[in-house]
Amino acid sequence: MIFDTSTPHGSSIAKRLDSEPLAWFTTAHPDGRLSSSLIWFLWRDEELVVYSRDNAKVRNIEANSNVAFNLNSDDHGGSVLTIQGTARVDRTYPASDQISAYTEKYDARIERLGTTPEGFAADYSVPIRITPTSYRAW
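Offset between the sequence shown (1-based) and this note's numbering: plus 1004.
Laid out in structure tokens, this is it:
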């Protein structure tokens, strides 16, 4: 674990990772260009889990596993959380509709998209698992 959830600071980070619905996820193209995407995510078993379409994000990770994950700050530029880590595509990992914490977190958003958890899982069928290696929070 890169932060100690038994401390007030670490506990605050874990709560944000559990409750925040959106984050920015940055991958690197093989030629070095960076690409950031707004994502849904789940903090689970001390890693971040993202579901993606089979697209450039997936190809980027397969070529370069170094990634960055950022939560938005508050209106005053505080409450910053940036996590650096290594990502891996894990097609054996359970689909998003098989993880109750994910469907509970995003059920209303999935419904607003006009689909079901099963439909979302079919569209965003590529699990990406991110192991944090360092972080900055203030």
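For every residue, glycine included, the Cβ atom is placed at its ideal position computed from N, Cα and C.
Length of the line joining the Cα atoms of residue i and residue j
i, j, result
"I1132", "A1091", "7 Å"
"T1137", "T1031", "15 Å"
"Q1102", "R1095", "14 Å"
"V1062", "R1140", "25 Å"
"E1050", "S1100", "17 Å"
"A1060", "P1012", "38 Å"
"L1052", "G1118", "26 Å"
"A1125", "P1034", "27 Å"
"S1023", "G1036", "32 Å"
"D1008", "E1115", "35 Å"
"G1014", "G1123", "35 Å"
"S1040", "L1026", "13 Å"
"S1010", "A1018", "10 Å"
"L1146", "V1093", "No statement about residue 1146 is possible, as the shown extent of the chain runs from 1005 to 1142 and does not include it."
Distance CB(residue i)-CB(residue j) smaller than 9 Å
i, j, result
"W1028", "F1073", "yes"
"Y1055", "S1129", "yes"
"G1082", "V1071", "no"
"R1057", "D1127", "yes"
"T1107", "P1121", "yes"
"I1087", "I1006", "yes"
First and last residue of the uninterrupted alpha helix (DSSP H) at residue i
i, result
"S1129", "Here S1129 belongs to no alpha helix (DSSP H), and DSSP marks it neither H nor E."
"R1020", "P1012 to S1023"
Residue span of the beta strand (DSSP E) that contains residue i, given as start and end
i, result
"W1047", "L1046 to R1048"
"I1043", "L1038 to I1043"
"F1029", "A1027 to A1032"
* Flag this pair as touching only if the segment 1034–1044 and the segment 1076–1087 have three or more C-beta atom pairs under 8 Å; answer yes or no. => no
* **the segment 1111–1122 touching the segment 1051–1068, judged by at least three CB pairs closer than 8 Å** => no
* Let me know the beta strand (DSSP E) ranges lying completely inside the segment 1056–1122, each 3 residues or longer, listed in chain order. => 1070–1075 and 1085–1093
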